[in-house]
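Residue numbers (my numbering): 94 to 226.
Comments concern the structure below.
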């Protein structure tokens, strides 16, 4: 059962919506897990995942629904509880690099060859479309 003072404290908290942005490219993803998977698959870095739910904060209340009511929108670290101003991807990038030490995944020779061939194919199509008109 809530007391009047705890209800008042909840009302005084600033409502915040957190966006799970890739610290490298800034794309917004739906959750910390999808953000971590994106970073691994697209950018080839491994960062740690966190366990459990976000702890209660004395200053903020967190709004999971982007269409809900919130006062502040911020970037959230997918590996811990840190969040930074929405317009400041660089702060998130610095935080992840300094606190979580992303591990670079090396490409296999086959992966490198596959990417190289795909890029060459795209360039050939672009050149044909540009000069064959």
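Every residue gets a Cβ at the ideal spot worked out from N, C-alpha and C, and that includes glycine.
Whole-number beta carbon distance between residue j and residue i, since they are thought to touch under 8 Å
| i | j | result |
| --- | --- | --- |
| residue 167 | residue 120 | That belief does not hold up - the Cβ atoms of residue 167 and residue 120 are roughly 16 Å apart, past 8 Å. |
| residue 148 | residue 174 | 7 Å |
Under the three-state DSSP convention, the category residue i falls into
| i | result |
| --- | --- |
| residue 206 | helix |
| residue 213 | helix |
| residue 97 | Its pLDDT being 46, under 50, residue 97 is placed unreliably in this model, and the value from its coordinates should be taken loosely. Of the three classes helix, strand and coil, the one that applies to residue 97 here is helix, per DSSP. |
| residue 120 | coil |
| residue 201 | coil |
7 Å Cβ shell around residue i - same chain, five flanking residues per side excluded
| i | result |
| --- | --- |
| residue 197 | 137, 138 |
| residue 141 | 172, 193 |
| residue 152 | 106, 107 |
6 Å CB neighbourhood of residue i in its chain, flanking five on each side removed
| i | result |
| --- | --- |
| residue 156 | 108, 110, 163 |
| residue 169 | 111, 113, 176 |
| residue 211 | none |
| residue 116 | 185, 186, 189 |
| residue 225 | none |
| residue 199 | none |
| residue 131 | 115, 122 |
Within 8 Å, strictly: CB atoms of residue i and residue j
| i | j | result |
| --- | --- | --- |
| residue 125 | residue 143 | yes |
Cβ neighbours of residue i in the same chain (closer than 8 Å, five flanking residues each side left out)
| i | result |
| --- | --- |
| residue 154 | 103, 106, 107, 108, 109 |
### Query
Which parts of the region 128-185 are runs of the beta strand (DSSP E), unbroken and 3 residues or longer, counting only runs that do not cross its ends?
153-155, 165-169, 176-178
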